[in-house]
Every structure is written in structure tokens, then in C-alpha cells.
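End of the sequence shown sits at 298 in my numbering; the numbers just go up one at a time, nothing left out.
Ideal Cβ placement from N, Cα and C applies to all residues, glycine included.
Working notes for the structure below.
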Amino acid sequence: MYNNVQLTNHGVDEAVAQLIKDNTVEFFSLPLDIKNKVAVLGKGAGLEGYGHHYSRAPGDKKDWAESLILITQPVHERNMKLWPTSPPTFRDALATYAVEMTKLARRLLGFMAADLGDEDEELVEAFTGKRQSMAMHYYPPCRHEGKVLGITPHTDGLGLTLLLHVDDTPGLQIKKDGRWYPVRPLPGAMLVNIGDVLDILTNGAYKSVKHRVIPDAERGRTTVVFVEEGTVEEGMVTPLPGLLKQQEPRYKSIHLDDYIKGILKAVPEGIRFANTLKIQNDDGST
Numbered sequence: 013m014y015n016n017v018q019l020t021n022h023g024v025d026e027a028v029a030q031l032i033k034d035n036t037v038e039f040f041s042l043p044l045d046i047k048n049k050v051a052v053l054g055k056g057a058g059l060e061g062y063g064h065h066y067s068r069a070p071g072d073k074k075d076w077a078e079s080l081i082l083i084t085q086p087v088h089e090r091n092m093k094l095w096p097t098s099p100p101t102f103r104d105a106l107a108t109y110a111v112e113m114t115k116l117a118r119r120l121l122g123f124m125a126a127d128l129g130d131e132d133e134e135l136v137e138a139f140t141g142k143r144q145s146m147a148m149h150y151y152p153p154c155r156h157e158g159k160v161l162g163i164t165p166h167t168d169g170l171g172l173t174l175l176l177h178v179d180d181t182p183g184l185q186i187k188k189d190g191r192w193y194p195v196r197p198l199p200g201a202m203l204v205n206i207g208d209v210l211d212i213l214t215n216g217a218y219k220s221v222k223h224r225v226i227p228d229a230e231r232g233r234t235t236v237v238f239v240e241e242g243t244v245e246e247g248m249v250t251p252l253p254g255l256l257k258q259q260e261p262r263y264k265s266i267h268l269d270d271y272i273k274g275i276l277k278a279v280p281e282g283i284r285f286a287n288t289l290k291i292q293n294d295d296g297s298t
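Structural data, given as C-alpha cells:
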């Protein structure tokens, strides 16, 4: 089951969504010296903060985006030095939006658990109390078609991704059967993306989708992305135990810390790290 859908009637408060949209647009419109006050701290400090995070496209094409990435949950992991104070309502908008998205994620995971026959809701439990982050992206207009990408083709490395379109600028594309298809934003919709960790936890029942962003020649594109991590006991990324009562595991187990190290090493090389965890059958299939 490949999953990349636009969700309407999602129940997220319209005023809360509009506030995070407005603040995100205002932040990216600020002078560079103001944005750099919350810049990524430096090599080895992680991805949190403002910067051009995704300049990692292999080959001649370069990624064309500004990003602001922040951990929102658990609260004690928030690095408030990197939470912008301009615009002045941004911090409150981020915190309130994160609460709304947590509620939506729980409902979606509950539906997925029911679909899997996961009566104990192991899937919901795998995400409860785990790290969440927000990634705001701005893709400036670009007339150099073929020389840049908004973001390099990739699958989301973590668990569940919920993307809010700030505007109606096109550019997002998904890959299926070797072809790229445009995703046209629906008014008020939330894009649901399955990440590689969710793919692993469901033992391949829900599959992550490769996608990319193509910059528009005339208009910028802005998005607000909510990302939630998931693990089973002791921080392990592995198929849910309940699912393995009736099927063989398709992925090896790995600790989340080692998994993230693997992603950071594999992504610049254009490799989907989750593929290295697939278990081969005797006939060579996975």
C-alpha cells in the first residue's frame, strides 16, 4: 500500500493553521541577519535552526530552499535559543499548532492500527511520547529549470509526516512506477506522508513514497511540515511484535540512534537507508 494522500475535514482549527501560515511567511520574508539569529549552530550540532539544510543533491543539480527546523516535543528537548522571536507571535503559533497536530496524528495512527488489525494499538503506542519536530520550508522562485531542485528526490526518513500547504504554488511531485506525478494542493487540505520508520514498523504494510520539489519559475512555495518519530520498546525501529505473530519480518531491527546516523550518512549519497535493513529471502527477494 503506497501512501501519499491529501486529507480534508481533518479537524485542525482553521485559526491555528492560519496563524502558523502567516508567521512562517513573515519569518522567511525577514532580512537575512534577523533569520541568522536562529541559524543552525554548526557542524555536528544537528539540523535544528534556520539554514539551507538540504544542499545535498548528488550530481550537478542543487537544492533550492530555506528551512527552519525545530524540535517541538518533548517540551524539555526544545532549544528555545533557536525558536524565533520575530515575528513576535511565532513561538506561540508553533506551540499551539504542535498540539493540534499531535491530536491529528493520534487519530490517523488509530485508523492505521485498526486497518492493520492491531487490536492492542501497538502502532499508536510506538509514537506516544516520542520526539516531534516542525520543518518550515521556503522554495524561492527559480528560472534555471534543470539546474536546481527544491528538494532532492527522497523518502521521508522518520515516521509520520503531515504537510500543510501555505499557498497554492505547485512543485511537489511523487514517484510511482518510474514516473513523476504532480501533487496539486487542495484548499485547506493536509498532505499525509508515510515515512520509512512507519514503513518498517508496519512491516511494509504502509510504504513510504519517494518525492521531490521542483521550484516554480514565478512564485515561491512555502510549507509547514510536522514530523513524528516512532519506536517500539527501548528505542528500537523494528516491525511491531503483534504483526510478527502472523508474518515474517521484512526488516532488521535497529536502534533509533543508529538509524538516524545511517540516514545522515546515506542521504548525501542518494541512498534510502531503510533499504539496507530489508531482509532477503532465500530466493533473493525482499
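Query	Result
Isoleucine 266 burial status per 10 Å Cβ neighbour count (16 or more: buried)	buried
Close-in-space but distant-in-sequence residues of the same chain around aspartate 25 (CB under 7 Å, 5 per side omitted)	Glu112
Residues of its chain near leucine 198, where Cβ-Cβ distance is below 6 Å and the 5 sequence neighbours each way are ignored	Gln18
Short CB-CB distance (under 8 Å) between histidine 88 and chain D	Checking the listed chains, one finds no chain D in this structure; it contains a single protein chain.
Neighbourhood of threonine 36 by C-beta, 7 Å cutoff - its chain only, sequence neighbours within 5 removed	Met148, Val178, Thr234 and Val236
Rounded separation between alanine 69 and aspartate 75 - CA only	Low local confidence applies: a pLDDT of 48 at alanine 69 is under 50, so the model's placement there is unreliable, and no value is given.
Selection from Pro99, Phe285, Leu42 and Gly200 that minimises the alpha carbon distance to lysine 222	Phe285
Lysine 277, buried or exposed, once every other Cβ within 10 Å from all chains shown has been counted against 16	exposed
Cβ-Cβ distance between leucine 268 and valine 239 below 8 Å	no
Alpha carbon of leucine 31 to alpha carbon of leucine 116, nearest angstrom	17 Å
Buried/exposed call for valine 87, threshold 16 Cβ in 10 Å	exposed
For glycine 247, the three-state DSSP class (helix, strand or coil)	helix
Validate contact between the stretch 135-153 and the stretch 79-86 using beta carbons, cut 8 Å, 3 pairs	yes
Sub-8 Å separation of valine 52 and proline 96 beta-carbons	no
Three-state secondary structure (DSSP) of lysine 219	strand
Simplified DSSP state of lysine 188, which is helix, strand or coil	strand
The stretch 124-139 contacting the stretch 244-260, beta-carbon criterion three pairs below 8 Å	yes
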